[in-house]
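Take the sequence shown: its position 102, counting from 1, is numbered 102 in the numbering used here, and each next residue is one higher.
For every residue, glycine included, the Cβ atom is placed at its ideal position computed from N, Cα and C.
Working notes, structure below.
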Amino acid sequence: MSLLNKYENLKEKYFYLEEQLSNPEISSNLEKFKKVNKEYKDLKTILDVMDEYKMVTDNTEEAKTMLRDEDEEMRVMAKNELEILEKKREELESKIKFMLIPSDPDDDKNVIFEIRSGTGGDEASIFAGDLYRMYSKYFEMQGWAVETIYVNEGSVGGFNKIVLEIDGEDVFSKLKFESGAHRVQRVPKTESQGRVHTSAATVAVIPKYLEEDIKIRKDDLKTDTFRASGAGGQHVNKTESGVRFTHIPTGIVAESTDSRSQLKNRDIALQRLYQKIMDAQREKEAREQSEHRKSLVGTGDRSDKIRTYNYPQNRVTDHRIGLTLYSLNKIVEGDLDEIINSLRMAENLEKLKEIEDIGK
């Protein structure tokens, strides 16, 4: 399908969405309205560029007609204009192709965001605290709402584990690349001889699904409640606040003891179960459809080393795309845009290549 045909189809969809926004059934349902309104705004952004593309295409055809003019001066003008228009047309075509790449269906979802200390003892807990501070500043810049669900502080500062709930616009689309192992190289405060040590912390980003997002029969779920154990005070041992779900058809299990509230743990455990089921489905589809492509989002496995923060060299390296920035001082203050935008661009290039390979 040509871009101009696609343009006409998208315009029809745009006008349909515009009508839907004034439909009482949609406008009275906040979740539906937000979903339709976001799709409407996203489509308008694409159509604005496609409007320009159509205008440039029309002007290009006019310039080609002028090349046949009897007046030599007009032909020279047309030739010069045509060179400019064709270059502009190519630029807009590339831009539109990127804009038309299918987005991740989870991109607009809120998330459960978890940071855990890894290898490195006390220094790992301190580093987990530094990551929390870095991300907190980024969340604030984005205008997102943050709720702390669980905190287990380290003995000398930082965190052994902290779990947050992040709500806002395009949360998962910007945070989905953060899942995995983060490594720090620096001289710990406890190091007396000035030697550089390596420690690690892990991040997990779990999209928050609505029940209608995933079709799971209640009969297929086994629910267990239990008394939580470990850090958190005596309270966790007195009430059965822990919740565990088992999806009987697949045997997938997910649980939560992060909150003192059984209701909150039920919600978190369900989100984890949903993600595991979705990951299993996507892994199967990826194997069937595109074995050559490895998504930058990865599996979210904690063993996936994704990034190194080197303090002596003021350097941050994202190992998935080979990006190295010598601006660690700014990044730890929440300036993550360059990293996140580079990862999103790389992911889109992967998707575009896959689309072009399928089209061959």
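Identity of the residues DSSP links to residue i by a beta bridge
i    : result
A200 : R183
I115 : I162, V203
V325 : Note that residue 325 is Leu in the sequence shown, not Val. Partner(s): V316.
S155 : G157
N310 : Q185, R315
D224 : R244
A145 : D167
S256 : V243
K305 : A181
Y150 : V163
For residue j and residue i, the rounded distance between their alpha carbons
i    : j    : result
D48  : L328 : 37 Å
V236 : K264 : Here the model assigns V236 a pLDDT of 44, short of 50, so the residue's position is not dependable, and the following value carries that caveat. When rounded, the distance between both Cα atoms is 14 Å.
G120 : A200 : 6 Å
G232 : G158 : Its pLDDT being 45, under 50, G232 is placed unreliably in this model, and the value from its coordinates should be taken loosely. Distance between the alpha carbons of G232 and G158: 16 Å.
M134 : G118 : 17 Å
K189 : S342 : 32 Å
N160 : R315 : 25 Å
E140 : M66  : 55 Å
S2   : A346 : 25 Å
R344 : I101 : 12 Å
Q234 : E240 : Only weak support is given to the placement of Q234: the predicted model assigns it a pLDDT of 40, under 50, and the value that follows is read from those uncertain coordinates. Rounded to the nearest angstrom, the two C-alpha atoms are 12 Å apart.
L352 : F127 : 36 Å
N5   : I46  : 14 Å
I84  : S28  : 49 Å
I26  : F15  : 15 Å
V156 : M278 : 38 Å
E8   : E70  : 35 Å
S326 : P24  : Before going further, note that residue 326 is Tyr rather than Ser in the sequence given. Going by the C-alpha atoms only, they are around 52 Å apart.
S94  : E31  : 33 Å
V146 : K330 : 22 Å
L206 : V76  : Strictly speaking, residue 206 in this sequence is Ile, with Leu absent from that position. Answer to the nearest angstrom: the Cα atoms are 59 Å apart.
Y274 : Q20  : 29 Å
T308 : D122 : 18 Å
E283 : T250 : 14 Å
R260 : Q193 : 42 Å
S136 : K174 : 14 Å
R68  : M74  : 9 Å
E354 : H319 : 22 Å
T317 : D219 : 47 Å
Beta-carbon gap between residue i and residue j smaller than 7 Å
i    : j    : result
F245 : L210 : no
K109 : F172 : yes
N310 : F98  : no
A254 : R272 : yes
V243 : A280 : no
A204 : E90  : no
K276 : I252 : yes
D258 : V163 : yes
L82  : A63  : yes
V196 : V184 : no
is_contact[residue i, chain C] using C-beta, thresh 7 Å
i  : result
N5 : The question asks about chain C, but that chain is absent: this structure has only one protein chain.
Minimum C-alpha distance to residue i - residue among the options
i    : options                : result
G334 : Y53, M55, D130         : D130
Y53  : I112, E86, K79         : E86
S125 : Q142, K38, R307, N152  : N152
N37  : E169, R227, H247       : E169
L17  : Y7, I166, V56, K35     : K35
N59  : D71, N80, I46          : N80
S179 : R116, T225, H197       : R116
G154 : K137, D167, K174, Y132 : Y132
K41  : D104, L10, E70, L4     : L10
I248 : S256, I216, M278       : I216
Q262 : F226, T317, K13        : F226
K208 : K218, K137, P105       : P105
S256 : N23, R320, K174, D224  : D224
L92  : F33, D51, P24, L325    : D51
E61  : M74, A78, E350, D337   : A78
E350 : Y274, K32, K174, I321  : I321
S103 : E39, V76, R260         : E39
S22  : K13, E12, F33          : F33
P312 : E354, E72, E12, T198   : T198
Residue i Cβ short of 6 Å to the ligand FAD heavy atom set
i    : result
Y150 : Judged by which ligands are present, the structure shown has none, so any question about the ligand FAD falls away.
Integer Cβ distance of residue i from residue j, believed to fall under 8 Å
i    : j    : result
V111 : K88  : That pair is no contact at about 39 Å.
A181 : T202 : 5 Å
D167 : W144 : 6 Å
L323 : I340 : Wrong, their Cβ atoms sit about 11 Å apart, outside the cutoff.
Y150 : L336 : Rounded, the Cβ-Cβ distance is 23 Å, inconsistent with contact.
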